[in-house]
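The listed protein sequences correspond, in order, to chains A and B. With the working numbering applied, the first sequence covers 74 to 881. With the working numbering applied, the second sequence covers 12 to 204. Please read the structure below before turning to the comments.
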Amino acid sequence: MPGLGTTFGRGGATTSQQDLVNADAILIIGSSMAEAHPVGFRWVVKAREKGALVIHVDPRFSRTSSMADLWAPIRAGSDIAFFGGLINFVLANDLAFREYVVAYTNASVLIREDFKGPDELEGLFSGWRPDARSYDTTTWQYDRDDEGRPRRDPSLKHPRCIYQQLIRHFARYTPEMVERVCGIPRETFLDLARRYVERSGPDRTGTICYAVGLTQHSVGAQIVRSAAILQLLLGNVGRPGGGVLALRGHASIQGSTDIPTLYDLLPGYLPMPMAGPESATLSRYVVRYRQQAGLWAHFDRYIVSLLTAWYGPGGREHDFGFGWLPRISGDHSHQGYWLEMADGRMDGLFVMGQNPAVGAPNAALERRALAKLKWLVVRDMVEVETATFWRDSQEVRSGETSPDRIGTEVFFFPAAGHAEKNGTFTNTQRLLQWHEKAVDPPGDCRTDAWFVFHLGRRLKAKAAQDSHPANAGLRALTWDYPTPGPHHEPDIEAVLREINGWTVGGREQLRGFSQLAADGSTACGCWIYSGVYPGAADNRGRDREAKGAYGHGWGWAWPADRRILYNRASARPDGRPWSEAKKLVWWDERAAEWTGLDTPDCARDNPDALPFVMHDDGLGWLWVTSGLRDGPLPTHYEPLESPAANALYAQQTNPAADRRERPDNPWAASPDPDYPHVLTTYRLTEHHTAGGMSRTLSHLAELQPELFCEISPELAITAGVANGDRVHVITARGRVQARALVTSRMRPLVIDGRTVHQVALPWHFGPGGLVSGDVVNDLIAISEEPNVKIMESKALTCRIHKVPGPRS
Amino acid sequence: MKQVYNPRMPSLLRRWPVVRQLIDRTDGTGDDAMTDRTRTLGVRTAGASVARSVCPYCAVGCGQLIFHRDGKLESIEGDPASPISEGRLCPKGAATYELLTHAARATRVKYRAPFASDWQDLDPETALDMIADRVWETRARGFVAERDGLPLMQCPTIAHLGGATLDNEENYLIKKLFAGGLGMVAISNQARI
């Protein structure tokens with residue numbers, strides 16, 4: 074999220090899948106889109122049939138590669154070196170879309186004189202505080218004049234302007250360096266770079282598609298940022314066939330960050346208040362986060378409307394209930410609190426629709442931690458391994474522990490499926506689509522909404538009997554959704570109406586976030602979703618009449634049904650489209666408003682509107698002064714476990730990343746002769762995540778019945794392994810058994826003059842279901858990227874051995 | 012292909028495809044190859060009710076048509092009207108009917124007491140009562156209202172995981188109750204970036 078969020082303003086895909094058909098070039102990296110998002114990949118195929126160039130950059134030659142014009146094998150974890158190489162190619166050859174860059178990015182802004190970059194500081198930016206293991210970002214800031222305005226040089230020649238900073242910073246990311254670090258031969262890289270870049274400009278555009286192959290790294294946010302910087306330099310954002318398409322892996326994973334079941338956010342990307350003086354009161358919190366201009370200038374309206382939705386009207390005298398919100402005071406992320414759980418400091422846990430016993434990094438540690446809980450509630454459609462860890466985990470089967478030594482009390486609730494409930498999913502392109510309930514769920518199966526609502530009802534009843542100040546927020550919490558039907562399921566339309574927002578006085582639905590007020594007269598559960606339910610009976614998520622190239626009339630995209638974000642950038646500064654071929658939104662002189670094929674993503678009546686409306690300056694940020702903890706620009710660091718030394722800087726790894734190293738989360742050295750190969754993981758078409766929705770289904774189980782690992786014929790010879798042999802894949806954390814799939818789809822790479830092999834495993838298997846297999850995530854370490862605490866699961870190191878004995 | 016009517020031919024013999032092909036002088040690949048049963052077959056979803064839905068697996072967001080009759084699921088197919096998927100489903104999406112109807116699907120609330128070696132059945136309302144008691148007791152014991160004289164309002168000993176497979180409205184209720192009502196901060200799901 075912050076990779077896109079800091080660069081463009083919003084943490085969401087900038088474009089839609091259908092818009093891929095308008096691209097002249099599509100670069101897919103960190104994703105096997107044909108296999109993990111097959112139906113979305115249709116739009117890539119359609120684009121190719123229309124003449125678009127398709128490039129796939131991935132450690133594996135997959136079905137995505139087979140449909141591409143170009144495949145470049147890459148060492149997992151070297152993506153910033155790759156994008157840095159592309160950025161350097163653009164800058165060194167003066168191939169940027171200069172008019173776009175000058176008008177719509179912060180390229181011309183000057184940075185403070187005391188800033189120093191990794192070139193000068195052995196891979197660190199200025200401001201590094203070794204004791205705090207974090208940056209002081211003072212020197213990364215803009216150079217401002219006496220009135221506080223950033224100094225600029227629109228000619229982009231000033232040595233301290235961001236454009237020149239980029240030129241210097243990326244100068245060492247040469248094709249030779251890309252070859253050394255990524256293993257992509259320089260001729261292949263230059264061919265790729267030339268062909269992608271020449272398909273951008275006023276009448277051509279390219280899109281970058283990525284998935285978790287780009288994000289699950291110790292530099293994950295910065296990898297995404299490097300892709301975003303390239304797209305800004307090429308003028309590929311906010312235009313048809315342009316943009317960055319984040320391909321997400323769960324039906325509503327975008328929705329679960331927009332309305333976050335995450336620790337550090339409130340709905341609509343409002344930050345959770347922090348412990349300490351800066352968020353002690355609502356007014357201080359607003360001062361801290363409100364911006365001077367752009368949509369965050371109305372921060373107070375969003376938070377007050379949210380508080381009014383949660384704690385009811387009439388809250389003005391008690392700060393609208395702001396004081397009842399919990400403050401975050403540490404690392405409450407999944408991995409952060411799970412380590413607390415492993416140390417016995419967590420008593421209770423709810424797990425809903427997730428299976429960490431298989432799906433989480435260092436899954437063995439996660440399973441052992443479950444045994445330290447007092448109580449656990451699991452809700453799912455099948456008895457996933459997380460619900461049954463006390464009787465069939467690897468640790469129980471190996472004799473390490475047994476049920477009579479596990480004191481955790483476990484409640485399992487069978488969940489209703491999507492066909493058995495009403496509600497909205499937000500898909501990978503920010504589109505809310507309502508799914509209608511078809512039938513009642515069987516037996517005791519109920520929706521998660523039912524569970525949370527009725528648990529809340531009971532807890533509110535307890536709070537009503539207990540006047541302790543800690544319960545004031547719970548007592549005030551609005552919790553009066555209608556519960557029609559025999560199962561007393563809460564009315565989901567009523568919840569969505571609250572998310573959309575209404576006027577407190579007349580209970581009239583709001584038409585959009587522009588109607589929100591900061592005085593408690595409006596309630597709104599998620600400001601960016603305001604407009605999805607604009608009338609008492611007008612659920613736009615239900616809309617099923619697609620019209621036009623962007624599918625307006627089918628569902629509703631946040632914000633304000635804008636299908637292509639920042640689409641004002643599709644027009645020149647004077648409001649005319651850059652070209653007829655790439656027109657999307659333009660200024661209509663006669664009507665004096667922005668108009669076009671999409672809902673304009675800017676103030677409709679302002680001819681001088683700039684595209685990046687979330688930013689106070691309206692610009693895309695090539696350079697980020699705040700919001701990222703590991704640098705204003707992306708820098709290549711080696712993965713936390715790597716077979717190579719950093720060829721670019723003395724600093725080996727992201728200094729702000731955290732290995733969370735401890736006896737139950739050990740690491741190999743870099744390089745380590747015991748673990749010479751790169752380990753990476755991926756998804757199969759036929760299974761889904763940790764297998765809870767696929768391993769129990771007969772068709773899918775039959776299609777992919779067994780865990781395997783892909784290795785190259787060269788590695789097979791070295792390791793003495795034949796195709797079909799059983800092998801052990803071993804990391805510093807653990808060992809799994811898999812069937813060897815020896816295939817030339819895997820290719821040894823030459824990294825810094827040495828041959829490096831890569832080993833790739835799908836990670837869906839576990840002990841339960843119709844098809845079982847070892848848990849691949851037992852091999853993966855817990856680690857935390859500094860911005861979003863994401864684990865580095867796509868690039869670690871391993872060794873492989875043939876399992877002695879007969880083949881079957 | 013139009014059939015030739017021959018009143019002298021016994022009807023059973025006339026329906027024999029070989030005879031029919033001889034009479035009709037066709038090559039046996041058209042309508043004449045069909046039995047009457049095949050000819051009168053209709054779509055099995057005819058007359059069923061249909062719900063407009065969305066695939067529950069990845070985030071492409073393929074449209075699904077859920078056919079049902081008398082409270083039972085009949086079939087789940089791709090929605091041809093979807094501007095994203097245009098009727099297509101991948102192997103997982105095409106398996107959605109089985110996801111909802113397969114034999115291993117859990118349909119009963121289960122309870123495992125501390126140190127027990129097996130599940131026992133539990134009434135859902137009783138289970139909810141017990142969980143509410145656990146939450147209340149754990150929260151009361153662990154709640155931290157202030158730190159350094161400033162509000163903390165934290166319930167640090169209860170955690171939540173999950174949300175990316177749930178509906179927006181469910182995520183909203185979870186965040187509202189667990190954070191806004193109970194003060195839980197350890198709330199996480201599958202999403203990171």
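Ideal Cβ positions, reconstructed from N, Cα and C, are used throughout, including at glycine.
In terms of residues, what are the limits of the beta strand (DSSP E) holding residue i?
i: I169 (chain B); result: L161 to L172
i: A98 (chain A); result: A98 to I102
i: F917 (chain A); result: Residue 917 (chain A) is absent from the structure shown; chain A starts at 74 and stops at 881.
i: A145 (chain A); result: L143 to A145
i: A619 (chain A); result: R617 to K620
i: W116 (chain A); result: Element bounds for W116 (chain A): not the beta strand (DSSP E) but the alpha helix (DSSP H), P111 to E122.
i: A197 (chain B); result: M195 to S199
i: V455 (chain A); result: Run containing V455 (chain A): none; DSSP gives neither H nor E here.
Does the beta-carbon of residue i have 16 or more other beta-carbons within 10 angstroms, so that it is buried, or is it exposed?
i: V15 (chain B); result: With a pLDDT of only 48 at V15 (chain B), under the threshold of 50, the placement of this residue in the model should not be trusted; the figure read from the coordinates follows. Per the 10 Å Cβ criterion, exposed.
i: A610 (chain A); result: exposed
i: L52 (chain B); result: exposed
i: I204 (chain B); result: Confidence is the limiting factor: at I204 (chain B) the pLDDT is only 48, short of 50, which leaves the residue's position unreliable, though a coordinate-based value still follows. Flag for I204 (chain B) reads buried.
i: R733 (chain A); result: buried
i: K4 (chain B); result: Outside the modelled stretch of chain B, which goes from 12 to 204, sits residue 4 (chain B), for which no answer is possible.
i: A489 (chain A); result: buried
i: A492 (chain A); result: buried
i: Q131 (chain B); result: exposed
i: E456 (chain A); result: buried
Where residue i and residue j are concerned, what is the direct C-alpha to C-alpha distance, given to the nearest angstrom?
i: Y358 (chain A); j: V196 (chain B); result: 18 Å
i: A622 (chain A); j: Q91 (chain A); result: 8 Å
i: E193 (chain A); j: V297 (chain A); result: 24 Å
i: S378 (chain A); j: G598 (chain A); result: 7 Å
i: N727 (chain A); j: L713 (chain A); result: 8 Å
i: G826 (chain A); j: S715 (chain A); result: 15 Å
i: M12 (chain B); j: E109 (chain B); result: Reliability fails at M12 (chain B), whose pLDDT of 41 lies under 50, so the model's placement of it is uncertain and the value that follows must be treated cautiously. Cα to Cα, the separation comes out at about 39 Å.
i: G417 (chain A); j: D737 (chain A); result: 14 Å
i: L24 (chain B); j: V54 (chain B); result: 29 Å
i: A176 (chain A); j: F198 (chain A); result: 27 Å
i: G409 (chain A); j: D226 (chain A); result: 44 Å
i: S228 (chain A); j: K867 (chain A); result: 41 Å
i: H231 (chain A); j: W696 (chain A); result: 15 Å
Considering Cα atoms alone, identify which of the options is closest to residue i.
i: E858 (chain A); options: A:S291, A:S603 and A:P542; result: A:S291
i: G626 (chain A); options: A:G256, A:L721 and A:D671; result: A:D671
i: P111 (chain A); options: A:E759, A:I784 and A:S845; result: A:E759
I'd like the span of the alpha helix (DSSP H) that includes residue i, first residue to last.
i: H874 (chain A); result: Element bounds for H874 (chain A): not the alpha helix (DSSP H) but the beta strand (DSSP E), L869 to K875.
i: E439 (chain A); result: A436 to L443
i: F170 (chain A); result: Neither: F170 (chain A) is in no alpha helix (DSSP H) and is coded neither H nor E.
i: R141 (chain B); result: Strictly speaking, residue 141 (chain B) in this sequence is Met, with Arg absent from that position. From DSSP, the alpha helix (DSSP H) with M141 (chain B) extends over P135 to G153.
i: T112 (chain B); result: T107 to T112
i: H79 (chain B); result: Careful: H79 (chain B) lies outside any alpha helix (DSSP H), inside the beta strand (DSSP E) at G74 to R80.
i: A149 (chain A); result: Taken as a continuous stretch (DSSP letters only), A149 (chain A) belongs to no alpha helix (DSSP H), as it is neither H nor E.
i: M250 (chain A); result: P248 to C255
i: W523 (chain A); result: D521 to A537
Pairs of beta-carbons, one from the segment 686-695 of chain A and one from the segment 112-129 of chain A, closer than 8 Å: are there three or more?
no
Per the contact definition of three or more C-beta pairs closer than 8 Å, is the segment 139-151 of chain A in contact with the segment 763-781 of chain A?
no
Does the pairing of the segment 437-453 of chain A with the segment 462-473 of chain A give three or more beta-carbon distances under 8 Å?
Counting C-beta pairs with one atom in each stretch, the segment 437-453 of chain A and the segment 462-473 of chain A have three or more that are closer than 8 Å, which means they touch.
Would you be able to state if there are at least three C-beta pairs under 8 Å between the segment 639-646 of chain A and the segment 301-312 of chain A?
yes
Taking 8 Å as the cut-off, does the segment 65-80 of chain B touch the segment 320-334 of chain A (at least 3 CB pairs, one atom from each stretch)?
yes
contact_flag[the segment 414-433 of chain A, the segment 357-374 of chain A] where n(CB pairs < 8 Å) is 3 or more:
no
Is there contact here, the segment 88-108 of chain A with the segment 261-276 of chain A, by at least three beta-carbon pairs under 8 Å?
yes
Report yes or no: do the segment 807-824 of chain A and the segment 740-747 of chain A share at least 3 C-beta pairs separated by less than 8 Å?
Contact between the segment 807-824 of chain A and the segment 740-747 of chain A is absent, with fewer than three C-beta pairs closer than 8 Å.
With three or more C-beta pairs closer than 8 Å as the rule, is the segment 449-457 of chain A touching the segment 84-97 of chain B?
no
Is it true that the segment 346-356 of chain A meets the segment 558-578 of chain A, where meeting means three or more beta-carbon pairs spaced less than 8 Å apart?
By the Cβ criterion, the segment 346-356 of chain A is not in contact with the segment 558-578 of chain A, since fewer than three pairs of Cβ atoms, one from each stretch, lie closer than 8 Å.
Between the segment 401-415 of chain A and the segment 157-171 of chain B, do three or more beta carbon pairs fall short of 8 Å?
Yes: at least three Cβ pairs fall under 8 Å.
Pairs of beta-carbons, one from the segment 178-185 of chain B and one from the segment 516-531 of chain A, closer than 8 Å: are there three or more?
yes
The segment 258-268 of chain A contacting the segment 153-170 of chain A, beta-carbon criterion three pairs below 8 Å:
yes
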